[in-house]
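Numbering (this note's numbering), first residue to last: 358 to 537.
All C-beta atoms in this analysis are idealised placements derived from N, C-alpha and C, irrespective of residue type, glycine included.
Please read the structure below before turning to the comments.
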C-alpha cells in the first residue's frame with residue numbers, strides 16, 4: 358500500500374488519474390479552521406460523472422469523517438470542496454493487484470501435508486528451500502512502488518493555462534499578420 362493525501366481549499370478542485378486502486382479512508386478539517394460554524398462539503402466525480410457529495414464536515418461537530426471508498430485504477434477522479442474550510446483527504450493506493458497472484462502459495466501449502474516418514478524428512482528440507490525463496494520474493498515485492506498521481510490542477514490554474522494559450526495564439530496571429 359502507498360499513502361495518498363491531498364488538501365483542498367474552498368472552491369478548489371483537484372483531478373488526477375489513479376495509477377492504482379485508490380481507497381479513501383478519511384476526510385478531515387485542519388486544526389485551524391477559518392469558519393467554526395460553516396459547513397464544508399467534499400464532492401467527488403469519477404470518469405466525468407456529475408460530482409456527488411462524499412461527506413459534509415462542520416468544525417466542533419464533525420471534524421473528521423471515516424470513509425471506505427475505492428476508486429478503480431485508471432479512473433479519472435476529481436475532488437472539490439464547497440464551504441469555508443480546507444479539507445484533507447487521506448487514503449492509500451492498493452498495489453496488491455499489481456504485485457501478481459499469490460494462488461501458487463496456497464497450492465504449495467496443500468502439498469506440504471502429503472508426505473510423511475522418510476520421504477517427509479526430504480520434503481521438510483525442500484520446504485525450507487521454498488521458504489527461503491518466498492522470503493526473497495517478499496523482499497522484491499516491498500520494493501514495488503506506485504507511480505505518483507499526475508499533478509492536481511486547480512480551476513484557477515486551469516483558467517490561467519487557458520489564458521496563456523489564448524495570449525500565445527493572439528501573439529502568433531499578430532506575427533503572421535506582420536509577415537504578410
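Query	Result
Spatial neighbours of residue 412 within its chain, please: C-beta separation below 6 Å, excluding the five flanking residues on both sides.	384, 399 and 422
What separation, rounded to the nearest whole angstrom, lies between the Cα atoms of residue 430 and residue 360?	15 Å
Would you call the CB atoms of residue 397 and residue 428 closer than 8 Å?	no
Which residue from 532, 524, 372 and 448 puts its Cα closest to that of residue 358?	448
Straight-line CA distance for residue 535 to residue 517?	27 Å
For residue 437, count the other beta carbons within 10 Å of its own beta carbon; 16 or more makes it buried, fewer makes it exposed. Which is it?	buried
With C-beta atoms as the reference, is residue 420 less than 8 Å away from residue 414?	yes
For the beta strand (DSSP E) holding residue 373, just list the boundary residues, first then last.	370-374
Leaving aside the five residues before and after residue 390 along the sequence, list all residues of the same chain whose C-beta is less than 6 Å from its C-beta, in chain order.	416 and 442
Among all the DSSP beta bridges, which residues are the ones paired with residue 422?	384
Taking the straight line between their C-alpha atoms, what separation do you get for residue 523 and residue 533?	15 Å
State the DSSP-derived secondary structure class of residue 435, mapped to helix, strand or coil.	strand
Is it the case that the Cβ atoms of residue 451 and residue 378 are separated by a distance below 8 Å?	yes
Going by alpha carbons, who is nearest to residue 402 out of 394, 386, 395 and 373?	373
Using the Cα positions of residue 365 and residue 371, report the straight-line distance between them to the nearest angstrom.	7 Å
Taking the CB atoms as reference points, tell me whether residue 375 and residue 434 lie closer together than 8 Å.	yes
Using the rule of at least 16 other Cβ atoms within 10 Å of the residue's Cβ for burial, across every protein chain shown, is residue 386 buried or exposed?	buried
In this structure, does DSSP put residue 390 in helix, strand or coil?	coil
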